[in-house]
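Residue numbers (this note's numbering), protein chains in the order written: chain A, 3 to 230; chain B, 597 to 893. Cβ atoms here follow ideal geometry from the backbone N, Cα and C, with glycine treated the same way.
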């Protein structure tokens, strides 16, 4: 589903974000990406949705070499990838329902599809009762559920989550992880960057560790720290 | 890709409503700039027309000696009548010329009272069929008996034309500069409106909206602003022209110069259509350019 081959990326001033990274992630896998701040996790996510280009190396997503992708096809790539962020990125002037519906509207889905799918996915994330609330009327955990609903409503092949529990307390985080696990079991490949050791240790999924842009560990059923 | 028209219109309407102050600023900017552009163009049109009239009325005056004999005068009259180059001519008698003289120097009694009717030369005012024939006609009479002097209006008209040519170039320059300023202001206003909504644009990009899909509501917004602004400018120019025209028609003056400075309703309509086109193009292209900055991947 995702394949990276010898990917290098440096920012201005020779700050190395990724150095010779090669990774294979199969369909339906659940992968944790760990490593300290600045180790290149977020850069990797940016490269996968082609928000940025690698300096060298090649990246395949869903069987396509995205380096070959013409710029007008980038939106189509992104429709196959749902994204969840630490800061939710919800629109403050839209309700939970509207935030989710917006994601379908702007890719031109017809109204009857939107009316059918949005309540479904809000039900999946457990927010049917809060559908008309605005983001500032919801807790952080609820806002993150809305953002997951938005990422998943189009049934993407891949869900990328960049520290989705970074702003949430531990018990709320557990709920979010259950949700991501559920989404993973529907057949969606999930890649989650995180700092949360307890989550990684509890879930016992594949762990990829980056350190200063270098892939230092790739472990099936791994834990957060090597010595844990 | 299916285009959801309902989405586009709803989005455009809510953009305009939410950014009312910003939208009005852009609209008024367009209106004011295009009014000035339209005004400049119409003044230019009026000057054009007046110039053509002045050029068409190039005449020459054959001044007789004040003591010329009637026979000499009759000879010239006959000559003018038979010349094919002469379109029309008019005899200005001594009393007529004296009246004209008194009118011109009405405010200067010293000059006015220094001459008597007898001292004023009568003259023939001749309009040639073509402006180029003025000199040929004039030369024919320069040495004729009883003729005091042949005077050509050509020199004066030439001076006038060179002034109006300069005036026209200046008006064009002003119109172009104003249009440029209007375009930049629209671009800036829409850019600010989009900047206020950059979060939405970011989310749209994230979930895979195509660039055109993001652009279209903004472009429609710009189009509406440009159109509304141009319509206001159209109205302002129309009203302004009516007021000026009424003034000229109502003023009790004999000055042909102003009577000839005529701008027809068709001129205003033509200029108005031009303004509408410019408004629409500037608004649409301006917002497309402004939004492009936020679409860079």
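Taking the beta carbon of residue 870 of chain B as reference, no residue of chain A falls within 8 Å; the closest one sits roughly 35 Å away. In the DSSP assignment, residue 221 of chain A is bridged to A/209.
Annotation: residue 641 of chain B to residue 864 of chain B spans about 10 Å, alpha carbon to alpha carbon. Membership of residue 5 of chain A in the beta strand (DSSP E) is indicated by the continuous run 4-13. Counting other Cβ atoms within 10 Å of its Cβ, residue 605 of chain B stays below 16 and is therefore classed as exposed. Between the beta-carbon of residue 99 of chain A and that of residue 120 of chain A there is about 6 Å, and that keeps the pair under the 8 Å contact cut. At a cut-off of 8 Å between C-beta atoms, residue 762 of chain B does not count as an interface residue with respect to chain A. When secondary structure is reduced to three states using DSSP, residue 214 of chain A falls in the coil class, being assigned neither helix nor strand. In this structure, the straight-line span from the alpha carbon of residue 756 of chain B to that of residue 874 of chain B is close to 32 Å. Using a CB distance below 9 Å, the part of the segment 105-135 of chain A facing chain B consists of 105, 106, 107, 108, 109, 110, 111, 112 and 113, ordered along the chain. Any Cβ of chain A closer than 8 Å to the Cβ of residue 806 of chain B would place that residue at the interface, and such an atom is present. Nothing from the segment 168-185 of chain A brings a Cβ to less than 8 Å from some Cβ of chain B. Leaving aside the five residues that flank residue 771 of chain B on each side, the residues in its chain whose CB is nearer than 7 Å to its CB run, in chain order, 633, 636 and 637. Counting every other CB atom within 10 Å of its CB across the protein chains shown gives residue 801 of chain B a total of 16 or more, marking it as buried.
For residue 167 of chain A, the closest alpha carbon among the candidates A/150, A/104, A/155 and A/160 is that of A/150. Against residue 817 of chain B, chain A offers no close residue; the least beta-carbon distance is about 16 Å (beta-carbon pairs closer than 9 Å).
Contact of residue 795 of chain B with chain A by beta-carbon distance below 7 Å involves 93. Distance between residue 74 of chain A and residue 788 of chain B, taken at the CA atoms: about 25 Å.
Among the residues of chain B, those whose CB is under 9 Å from the CB of residue 78 of chain A are 804 and 806, following chain order. Under DSSP, no beta-bridge partner is assigned to residue 609 of chain B.
For residue 791 of chain B, the nearest beta carbon of chain A is not closer than 8 Å to its own beta carbon. The contact set of residue 81 of chain A on chain B, defined by CB atoms closer than 8 Å, consists of 803 and 804 in chain order. Against residue 800 of chain B, the close residues of chain A are 108, in the order they occur along the chain (beta-carbon pairs closer than 7 Å).
For residue 656 of chain B, the enclosing beta strand (DSSP E) has its first and last residue at 656-660.
Ranked by Cα distance from residue 830 of chain B, the options B/732, B/870 and B/754 are led by B/870. Contacts between residue 809 of chain B and chain A, judged by CB atoms closer than 9 Å, involve 77, 108, 109 and 110 in chain order. For residue 608 of chain B, the closest C-alpha among the options B/883, B/737 and B/709 is that of B/883.
At the C-beta level, residue 790 of chain B and residue 799 of chain B stay beyond 8 Å of one another. Listed in chain order, the alpha helix (DSSP H) elements of length 4 or more contained wholly in the segment 793-817 of chain B are 794-802.
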